[in-house]
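Numbering (the UniProt record's numbering), first residue to last: 1 to 107.
Beneath this line is the structure, given in structure tokens, with notes to follow.
Next up, the structure:
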């Protein structure tokens, strides 16, 4: 695991992979890491969920880029993945249309 420390030297962020923020490697069985994970398990679970949602958007962008460059085609993806991508694109289009409206409903 990789961590980011606070100014006090305490773990404040955790990542499975090295990132711009989480550069320091720490062993999974490290007492410091075990204490951090156990200290506020609910907050950690929520942080992981938030990170997962952000990562989903990254994956969507990568898939779109690969399709734009012809590296893969939409039909190369499994049917379940095709359905999920189409559903998310539809939701995103609806959300973007809502953003076009001002508070008084005028575009």
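Positions of the beta carbon are idealized from the N, C-alpha and C atoms, including for glycine.
Opposite residue i in the DSSP bridges: which residues?
i	result
residue 24	3
What is the C-beta distance between residue i and residue j, in whole angstroms, given that I count them as a contact (C-beta under 8 angstroms)?
i	j	result
residue 67	residue 28	The pair is not a contact, with the Cβ atoms about 37 angstroms apart (cut-off 8 angstroms).
I need the DSSP call for residue i, collapsed to helix, strand or coil.
i	result
residue 14	strand
residue 71	coil
residue 8	coil
residue 30	coil
Rounding to the nearest angstrom, what Cα-Cα distance links residue i and residue j in this structure?
i	j	result
residue 125	residue 63	No information on residue 125 is available, as it lies outside the stretch 1 to 107 that the chain covers here.
residue 86	residue 54	18 angstroms
residue 90	residue 46	26 angstroms
residue 22	residue 95	32 angstroms
residue 31	residue 16	17 angstroms
Under a Cβ-count criterion, where at least 16 other Cβ atoms within 10 Å of its own Cβ denotes burial, should residue i be classed as buried or exposed?
i	result
residue 11	buried
residue 72	exposed
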